[in-house]
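*Asks:* Sharing a structure here in structure tokens format.
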């Protein structure tokens, strides 16, 4: 560029800026959110413990040790035992699998339904959009927990008969929790679609003759994923809380499937003599939900391209 | 104003109808029979059972039953509880005041905590106060209400013995002692619900005050020489409250969920524990009515939220 004088003093670019993929950039920003970064580690450890713990810690969830009923933490039973002398660590490792699986599956369902409805409403204006949004608002104003309880109560027996005890209840709880959590995602996706479909790059695609499905799948949807990922993270936490609440009210999994909420529910009557029994599952739920919420917060910062961090 | 209210009411009616249709469909689709108990009861001959079914219209097509139920509801005939053997509406009116009192008190507590903390955190963002408040609020809404309830009972009832952990509706004392007992037994449920709400509201208040506080009109107010308290209270907070009211109204359905849990933990004889009891005992008319009342309350509070917007933001025209 001989002869051209910069209008203002520009710093000499010593080396060209390495092109970074959006995901690397997001990861760099995510790591700056220290609480989120550490939460990821803690949650990772928790997931590993729940996945592989039962392979290492070989105590059956229904093994009864009559000599150690309602015992506090000891070497033999690291987290103590319950009223029948069953080992709490083994039960919590087992229950953690179910709680986390319910959280993930319910989240997937909520996100799928939400993205689908939001995308349809966002791309088709007019009465389709209006009708879908009316349904969304209606679902938003339903009292969720009462209906959850009602649905589970009504459909528990037939599903148990059709799919067996564990799978039937699992399916029911996932369907019901997922079915009541898609609305915020749908609204989010719709709002994203509204702004994105008027953007120049979508217009360019349209001008090139891209069909509507191609515009949506290739251009609009990938760009609206950021908020959806954040919502998905928070939804996992919400679903875990919902499942524990149901179990805590005695309407979730049956007593022989020890999810964290169920253990807490069983512990309620022995609180004065066996505090540890209630505290450990409670803390497990709390730590899981807290770390997931922090990770969601970190992702919110990391996936927002307008944010300069 | 009247016109605006009327319009909002007209929007609320289809929602109510939609909710009642959903509720009714769920119950109609559900396998199982509300008269199962009678069917297995050897003292009730089958003819009586069939006659009873016919008299209650259970053999009619679903849509007929729906209209039958709606017209009964409108006429104030809410059905008869199979278990308690009294009218459903008397049952609900017995239970509702306790729930409303607990929820109301917890909302007031939540507002009293969330508003000052959120505003203070936003006035000095990223200060140590803000950091601590944000972290505490994260912890607050990650603690499920059933766990905080259990923790509170462990600490305040079992360890310290300060507060009773079973809620009694019939307190023998009179006068001031009656009030004192009621306040004492309400502290824990109200605190559990209120602090959980406060934790999430605080974040809303903070972010929405942060949005407003950098706007030009706030600078103008400061440069006019107004006292900082006037700037914050009159200019910032009032405008920041508008989105917060929306979010609070949207969260109401969840609040009833929280109330059900707290009522169950502290054994409060409110509408939530009525619902759980009737679900466990297969008391269909009560389940139906309670769920419907809760939905109607949600819609009512949304309506109230709409009115509050108008008061906060005169730009929202009522016409």
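Chains as they are written, first to last, in this note's numbering: chain A, 1 to 309; chain B, 1 to 319.
Glycine included, C-beta positions come from ideal geometry on N, C-alpha and C.
1. Kindly identify the DSSP beta-bridge partner or partners of residue 87 (chain B).
2. If I follow the unbroken alpha helix (DSSP H) through residue 162 (chain B), where does it start and stop?
3. Run through DSSP, which three-state label would residue 268 (chain B) get?
4. Which runs of the beta strand (DSSP E), 3 residues or longer, sit entirely within the segment 228-280 of chain A?
5. Beta-carbon of residue 304 (chain A) versus every beta-carbon of chain B: anything under 9 angstroms?
6. Under 9 angstroms between C-beta atoms, does residue 125 (chain B) make it to chain A?
7. Taking C-beta to C-beta, are residue 66 (chain B) and residue 15 (chain B) nearer than 9 angstroms?
8. In this structure, does DSSP put residue 301 (chain A) in helix, strand or coil?
9. Does the beta carbon of residue 40 (chain A) come closer than 9 angstroms to any beta carbon on chain B?
10. Under 8 angstroms Cβ-Cβ, which residues of chain A neighbour residue 290 (chain B)?
11. Any beta carbon of chain A sitting closer than 9 angstroms to that of residue 174 (chain B)?
12. With residue 135 (chain B) as the anchor, note down where its alpha helix (DSSP H) starts and where it stops.
13. From residue 30 (chain A) to residue 248 (chain B), what does the alpha carbon distance come to, in whole angstroms?
14. Leaving out five residues before and five after residue 295 (chain A) in sequence, what residues of the same chain have Cβ atoms less than 8 angstroms from its Cβ?
15. Is the CB of residue 245 (chain A) under 9 angstroms away from at least one CB in chain B?
16. On the DSSP bridge list, what partners appear for residue 7 (chain B)?
17. Going along chain A in order, which residues have a C-beta closer than 7 angstroms to the C-beta of residue 247 (chain B)?
18. Residues of the segment 271-289 of chain A with a CB closer than 7 angstroms to any CB of chain B: list them in chain order, please.
19. Is there a C-beta anywhere in chain A that falls below 9 angstroms from the one on residue 24 (chain B)?
20. Per DSSP, what kind of secondary structure is residue 260 (chain B) in: helix, strand or coil?
21. Interface residues of chain A around residue 232 (chain B) at Cβ under 7 angstroms?
22. Would you mind telling me which residues of chain B sit closer than 8 angstroms to residue 241 (chain A), beta carbon to beta carbon, in chain order?
23. When the cut-off is 9 angstroms and only beta carbons count, does residue 189 (chain B) lie next to chain E?
24. Going by DSSP in three states, residue 28 (chain A) sits in which element: helix, strand or coil?
25. Residue 174 (chain A) and residue 90 (chain A) look like a contact to me (Cβ under 8 angstroms); what is the Cβ gap, rounded to whole Å?
26. If you compare alpha carbons, which of B:192, B:137 and B:280 is closest to residue 150 (chain A)?
27. Where does residue 64 (chain B) sit, in a helix, a strand or coil, going by DSSP?
28. Would you be able to state if there are at least three C-beta pairs under 8 angstroms between the segment 105-125 of chain B and the segment 300-311 of chain B?
29. If you measure between the beta carbons of residue 171 (chain A) and residue 163 (chain A), is that distance less than 9 angstroms?
30. Out of B:154, B:177, B:250 and B:138, which has the shortest C-alpha to C-alpha gap to residue 206 (chain B)?
31. At 7 angstroms on the CB atoms, spell out the chain A contacts of residue 18 (chain B), in chain order.
*Replies:* Looking at the coordinates:
1. Counting from 1 along the second chain, the entry for residue 87 (chain B) is found at position 87. Bridge partners of residue 87 (chain B): B:80.
2. Start at 1 with the first residue of the second chain, and residue 162 (chain B) comes out as number 162. It is not in any alpha helix (DSSP H) - residue 162 (chain B) carries neither H nor E in the DSSP assignment.
3. Taking the second chain and counting its residues from 1, the one referred to as residue 268 (chain B) is at position 268. Three-state result, residue 268 (chain B): coil.
4. none
5. By one-based count along the first chain, residue 304 (chain A) stands at place 304. So, not an interface residue.
6. The count along the second chain starts at 1 and reaches residue 125 (chain B) at position 125. Judged by the 9 angstroms Cβ criterion, residue 125 (chain B) is not in contact with chain A.
7. Counting from 1 along the second chain, the entry for residue 66 (chain B) is found at position 66. Counting from 1 along the second chain, the entry for residue 15 (chain B) is found at position 15. No, the Cβ-Cβ distance between residue 66 (chain B) and residue 15 (chain B) is not below 9 angstroms.
8. Residue numbering aside, residue 301 (chain A) sits at position 301 when the first chain is read from its first letter. Looking at residue 301 (chain A) - three-state DSSP - the assignment turns out to be helix.
9. Position 40 of the first chain, counted from the first residue, corresponds to residue 40 (chain A). Chain B contact via Cβ: absent.
10. Translated into the one-based positions of the second chain, residue 290 (chain B) becomes position 290. Within chain A, the residues near residue 290 (chain B) are 146.
11. The residue you call residue 174 (chain B) lines up with position 174 of the second chain. So, not an interface residue.
12. The count along the second chain starts at 1 and reaches residue 135 (chain B) at position 135. Residues 128-142.
13. Counting from one through the first chain, the residue named residue 30 (chain A) turns up at place 30. Counting from one through the second chain, the residue named residue 248 (chain B) turns up at place 248. Rounded to the nearest angstrom, the two C-alpha atoms are 29 angstroms apart.
14. Walking along the first chain from the start, residue 295 (chain A) turns up at place 295. Hits under 8 angstroms: 36, 39, 40, 43 and 233.
15. Within the first chain, the letter at position 245 stands for residue 245 (chain A). For residue 245 (chain A), the answer is yes, since a Cβ of chain B falls inside 9 angstroms of its Cβ.
16. Reading the second chain from its first residue, position 7 is the one you call residue 7 (chain B). Beta-bridge pairing links residue 7 (chain B) to no other residue.
17. Position 247 of the second chain, counted from the first residue, corresponds to residue 247 (chain B). Going along chain A, no residue has its Cβ under 7 angstroms from residue 247 (chain B), so there is no contact; the nearest lies around 11 angstroms.
18. 271, 272, 275, 278, 282, 285, 286 and 289
19. Residue numbering aside, residue 24 (chain B) sits at position 24 when the second chain is read from its first letter. Not closer than 9 angstroms to any Cβ of chain A, the Cβ of residue 24 (chain B) fails to qualify, so no.
20. Indexing the second chain from 1 puts residue 260 (chain B) at position 260. Helix, per DSSP.
21. Here residue 232 (chain B) refers to the residue found at position 232 when the second chain is read from its first residue. Simply none; closest approach about 26 angstroms.
22. Numbered from 1 along the first chain, position 241 holds the residue referred to as residue 241 (chain A). Near residue 241 (chain A) (Cβ distances below 8 angstroms), the residues of chain B are 144.
23. The displayed structure is made up of protein chains A and B, and chain E is not among them.
24. In the first chain, counting from the first residue as 1, residue 28 (chain A) sits at position 28. DSSP places residue 28 (chain A) in helix when its eight states are reduced to three.
25. Translated into positions along the first chain, residue 174 (chain A) becomes position 174. Translated into positions along the first chain, residue 90 (chain A) becomes position 90. That pair is no contact at about 24 angstroms.
26. For the purposes of this step, residue 150 (chain A) is taken as residue 150 along the first chain, with counting starting at 1. Residue 150 (chain A) has its Cα closest to that of B:280, out of B:192, B:137 and B:280.
27. If you number the second chain from 1, residue 64 (chain B) lands on position 64. Residue state, collapsed to three classes: helix.
28. no
29. Here residue 171 (chain A) corresponds to residue number 171 of the first chain, with the count starting at 1. Here residue 163 (chain A) corresponds to residue number 163 of the first chain, with the count starting at 1. Closer than 9 angstroms, so yes.
30. If you number the second chain from 1, residue 206 (chain B) lands on position 206. Ranking the options by Cα distance to residue 206 (chain B), first place goes to B:138.
31. One-based indexing of the second chain puts residue 18 (chain B) at position 18. Ordered by position in chain A, the residues that pass the 7 angstroms Cβ test against residue 18 (chain B) are 138.
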